[in-house]
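A.B. asks: Going down the list, the protein sequences come from chains A and B. Residues in the first sequence are numbered consecutively from 1, following this note's numbering. Residues in the second sequence are numbered consecutively from 1, following this note's numbering. We treat Cβ as the ideally placed atom computed from N, Cα and C, and that holds for glycine.
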Amino acid sequence: MKGQSESHPSLSASDEFANYELWDRGNLTQTPKKTGMIQYEYLREALKNGLKVEQDLGVNPFKYGMAAGTDTHTGLVTAEEDNFFGKLVAGEPAADRWKEDALKFGPDRIVKGWEMTAAGYTAVWATGNTRAEIWDAMKRRETYATSGPHMVVRFFGGYDFTTADISRAPAAAGYKKGVAMGSDLKPAPTGKAPTFLIAALKDPKGGNLDRIQIIKGWLDKSGKPQEKIYDVVWGDPERRRISNGKLTPVGNTVDVAHATWTNTIGDPELITVWRDPDFDTTARAFYYARVLEIPTPRWTAYDAAYFKIKIDDPKVPMTTQERAWTSPIWYVP
Amino acid sequence: MVRAVIRSLIREPLLHFALLGGAIFAAYAAFAPVKPESSRIVITGSQIASIDAQFHNTWQRSPTREELTALIANYVREEVLYREGIALGLDQDDPVIRGRVKQKVEILSEDIFDKQPTEADLKKYFVSHGELFEEPPVFTFEQVYFEPARHGAGLSAEIAAALAGLRAGKQASALGDSTMLPPQMENAQPHDVAAVFGDEFTSGIRNLKVGQWEGSVRSSFGLHLVRVTKQHAARAPLFAEVHDQLAREWNRTRSVEVKNTFYRNLRKRYSVEIERAESRVESTQVVAK
């Protein structure tokens with residue numbers, strides 16, 4: 001509801017998708033942020049700092065699993081773009097909710113209705129649908145977060161994954177030859193780099209998939225945290241490729257006026273095995289996957305089409321690129 | 001010497017506190033609006049039995065002597081504070097207390113109707129509300145997936161060949177494109193199928209011939225060959241099968257009706273005037289019901 005906290009453009013300048021549903025102007029009462037605050041408020045930084053703390057103190061206090069929630073106070077499960085019922089009862093669908101003040105603590109301390117995000121859910125890979133098994137899965141961080149879509153995402157790390165493991169049941173090879181999201185990699189056998197088996201199936205009612213990225217963070221020789229984003233598999237590979245480190249954008253089929261889109265771009269499912277090309281056996285690291293959907297109408301576009309209104313503020317996003325984030329897999333030398 | 005002691009006493013904050021406290025109590029005793037109706041509290045034998053019973057409900061045993069003494073002391077404390085609160089009028093205009101009293105009156109109203117429906121009542125209810133008890137259809141099926149983008153122009157020929165292969169007994173797992181979609185679902189209701197394959201597929205498999213590979217069926221993922229091995233159509237259960245649910249639903253419906261009738265009858269005794277709303281809700285129309 002109140003934006004994502006995975007990454008921030010000012011911290012990850014090379015991440016073209018960091019600028020997504022941000023709430024970064026102030027705290028809950030919109031007291032403006034002071035310089036230097038942002039770096040302690042985003043997950044990727046915490047994961048990076050965790051490596052540093054572990055090197056200095058011997059323990060990593062920031063081994064987080066991924067989770068997302070709605071923070072709604074309506075009792076409704078309506079976090080989709082096409083059924084967004086708002087955070088509070090006062091924010092239920094209405095022609096002018098996009099321009100109302102959702103929060104107001106002073107003349108410059110306002111959050112507008114359109115800044116509300118229709119999100120998100122946490123998925124848990126449990127061995128069964130019981131309280132105990134779901135708890136155990138969360139304890140071992142075998143979870144992923146989504147901005148709303150019901151995607152199926154698999155992420156395994158090991159040293160022996162090959163393209164032969166790309167199958168209809170990736171988890172069979174995943175658990176046998178590696179560890180699942182949220183775990184530590186086993187020590188690296190001599191001469192081997194970590195390999196990852198990663199797969200995503202789109203939401204049957206949602207947009208196709210644009211790409212899967214692996215985000216790696218590590219400590220360099222001087223003990224400084226670094227990060228790098230790899231596009232590892234993408235839809236429409238026949239017309240898209242990486243040039244100058246950047247993947248051809250997937251395109252956009254959204255008809256904002258009617259709040260519709262077509263799944264004529266992207267793929268319904270993506271799966272690959274990826275080997276870290278820059279692996280250093282002595283450097284602490286983490287890896288997590290981010291799955292991006294093709295652009296689809298944001299809830300503001302559904303509101304505009306339904307209420308037949310014109311949203312004339314250029315700041316208001318009318319499309320969104322929904323996504324999922326897996327818990328990291330850590331490498332400890 | 002004495003003077004020095006008095007002087008230091010005058011400066012002593014504790015003394016100020018004691019004097020001030022005494023003054024407040026004295027003023028309260030003199031000006032308290034209403035005295036508690038009685039200053040005598042009697043804990044009767046039946047009240048002790050009730051305290052004992054409540055304890056027993058929770059702990060499955062009677063309280064020990066010490067526990068009972070503590071429970072009675074607690075009851076006395078509650079009684080004292082309750083009487084003082086009533087004397088101060090703290091029960092007035094309290095939405096929680098109003099709601100609770102309203103609820104108790106409604107429960108009284110429920111008690112005035114006989115809760116046992118006759119068989120005739122239930123049969124009549126079954127006819128008028130049958131759709132409430134309908135069981136949704138259930139499917140067991142296998143599927144083989146084709147992602148159109150991987151096939152291009154040859155798609156329909158390749159699907160036709162796979163269909164012929166499946167009908168000739170080929171293994172489903174060897175055909176079609178790789179996918180994480182489940183190769184089969186068992187005893188799944190439409191809602192469950194739609195959560196995995198989407199709405200289009202769910203309506204697509206409804207009218208397939210059971211027991212035979214059919215297709216293709218379209219989904220938001222692509223195309224599928226499907227063999228429905230078991231299908232139970234939506235079914236209206238027999239009266240006897242849902243007898244207990246009927247009694248429960250009948251009761252619920254009836255209780256709402258009784259509550260509303262009870263209220264309407266009481267409401268007739270009152271005349272209600274609704275004045276214009278004050279302050280900021282000018283535009284809100286107030287409608288009397």
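Determine the chain B residues that contact residue 263 of chain A at a beta-carbon separation under 8 Å, and present them in chain order.
C.D. replies: 220
A.B. asks: Are residue 116 of chain A and residue 87 of chain A close, meaning C-beta to C-beta below 7 Å?
C.D. replies: yes
A.B. asks: Going by Cα to Cα distance, which pick from A:328, A:225, A:208, A:309 is closest to residue 56 of chain A?
C.D. replies: A:225
A.B. asks: Please determine, among A:173, A:304, A:22, the residue with the shortest C-alpha to C-alpha distance to residue 9 of chain A.
C.D. replies: A:22
A.B. asks: What residues from chain B crowd round residue 166 of chain A, counting only those whose CB sits closer than 9 Å?
C.D. replies: 178
A.B. asks: Looking only at C-alpha atoms, which of A:245, A:79, A:296, A:61 sits nearest to residue 232 of chain A?
C.D. replies: A:245
A.B. asks: If I follow the unbroken beta strand (DSSP E) through residue 225 of chain A, where does it start and stop?
C.D. replies: 225-234 is the extent of the beta strand (DSSP E) around residue 225 of chain A.
A.B. asks: Please look up how many angstroms separate the CB atoms of residue 37 of chain A and residue 326 of chain A, rounded, as I've assumed it's under 8 Å.
C.D. replies: Contact between residue 37 of chain A and residue 326 of chain A does not hold, since their C-beta atoms are separated by about 27 Å, which reaches or exceeds 8 Å.
A.B. asks: Determine the extent of the beta strand (DSSP E) in which residue 331 of chain A is found, giving its start and end residues.
C.D. replies: 329-331
A.B. asks: At 4 residues or longer, what runs of the alpha helix (DSSP H) sit wholly inside the stretch 98-159 of chain B?
C.D. replies: 119-129
A.B. asks: Helix, strand or coil: how does DSSP classify residue 285 of chain B here?
C.D. replies: Low local confidence applies: a pLDDT of 43 at residue 285 of chain B is under 50, so the model's placement there is unreliable, with the coordinate-based value given in what follows. Three-state DSSP puts residue 285 of chain B in coil, outside helix and strand.
A.B. asks: If you drop the 5 nearest sequence neighbours on each side, which residues of the same chain put their C-beta closer than 6 Å to that of residue 330 of chain A?
C.D. replies: 184, 286
A.B. asks: Give a yes or no on whether 7 Å exceeds the smallest Cβ distance from residue 233 of chain A to chain B.
C.D. replies: no
A.B. asks: Can you give me the Cβ contacts of residue 144 of chain A inside the same chain, cut-off strictly under 7 Å, excluding the 5 residues immediately before and after it?
C.D. replies: 66, 123, 153, 181, 324, 325, 326, 327
A.B. asks: Quick one: which unbroken alpha helix (DSSP H) runs of 4-plus residues sit fully inside the stretch 96-139 of chain A? Chain order, please.
C.D. replies: 131-139
A.B. asks: DSSP three-state label for residue 168 of chain A, please.
C.D. replies: coil
A.B. asks: Give a yes or no on whether the minimum CB-CB distance between residue 141 of chain B and chain A is below 7 Å.
C.D. replies: Not an interface residue.
A.B. asks: I'd like to know whether the C-beta of residue 270 of chain A is nearer than 7 Å to at least one C-beta of chain B.
C.D. replies: Under the Cβ distance rule, residue 270 of chain A does not count among the residues neighbouring chain B, no pair being separated by less than 7 Å.
A.B. asks: Using CA atoms only, rank isn't needed, just tell me which of A:6, A:32, A:52 is closest to residue 219 of chain A.
C.D. replies: A:52
A.B. asks: Could you tell me the distance, in whole angstroms, from the CA atom of residue 178 of chain A to the CA atom of residue 133 of chain B?
C.D. replies: 48 Å
A.B. asks: Using the beta-carbon count (16 or more within 10 Å), is residue 146 of chain B buried or exposed?
C.D. replies: buried
A.B. asks: By Cβ distance, which residues of its chain are closer than 6 Å to residue 223 of chain B, with the 5 residues on each side in sequence left out?
C.D. replies: Leaving aside the five residues that flank residue 223 of chain B on each side, the residues in its chain whose CB is nearer than 6 Å to its CB run, in chain order, 146, 216.
A.B. asks: With 16 as the cutoff for other CB atoms within 10 Å, does residue 370 of chain A come out buried or exposed?
C.D. replies: Here chain A covers residues 1 to 333 and nothing more, so residue 370 of chain A does not appear.
A.B. asks: Using a Cβ-Cβ cut-off of 7 Å, state whether residue 146 of chain B counts as contacting chain A.
C.D. replies: no
A.B. asks: Use the C-beta contact count for residue 171 of chain B: other C-beta atoms within 10 angstroms, 16 or more gives buried, fewer gives exposed.
C.D. replies: exposed
A.B. asks: Assuming residue 166 of chain B and residue 122 of chain B make a contact with CB atoms under 8 Å, what is their CB distance in whole Å?
C.D. replies: Not confirmed; about 49 Å, so no contact.
A.B. asks: When you compare each of B:45, B:70, B:61, B:108 to residue 260 of chain B by their alpha carbons, which one comes out closest?
C.D. replies: B:108
A.B. asks: Express the C-alpha separation of residue 214 of chain A and residue 288 of chain A in angstroms, rounding to a whole number.
C.D. replies: 6 Å
A.B. asks: Put residue 299 of chain A into one of helix, strand or coil per three-state DSSP.
C.D. replies: helix
A.B. asks: Can you tell me the Cβ-Cβ gap for residue 148 of chain A and residue 118 of chain A, rounded? I've got them flagged as a contact below 8 Å.
C.D. replies: 6 Å
A.B. asks: Quick check: what's the CA-CA separation for residue 79 of chain A versus residue 320 of chain A?
C.D. replies: 14 Å
A.B. asks: Does the beta carbon of residue 201 of chain A sit closer than 7 Å to a beta carbon anywhere in chain B?
C.D. replies: yes
A.B. asks: Output, in chain order, the set of chain B residues within a Cβ distance shorter than 9 Å of residue 267 of chain A.
C.D. replies: 147, 149
A.B. asks: Chain B partners of residue 152 of chain A, CB-CB under 7 Å?
C.D. replies: 180
A.B. asks: Whole angstroms are fine: how far does the CA of residue 183 of chain B sit from the CA of residue 143 of chain B?
C.D. replies: Whole-angstrom Cα-Cα distance: 5 Å.
A.B. asks: Answer yes if the stretch 196-211 of chain A comes into contact with the stretch 265-285 of chain A, meaning at least three C-beta pairs across the two stretches below 8 Å, and no otherwise.
C.D. replies: yes
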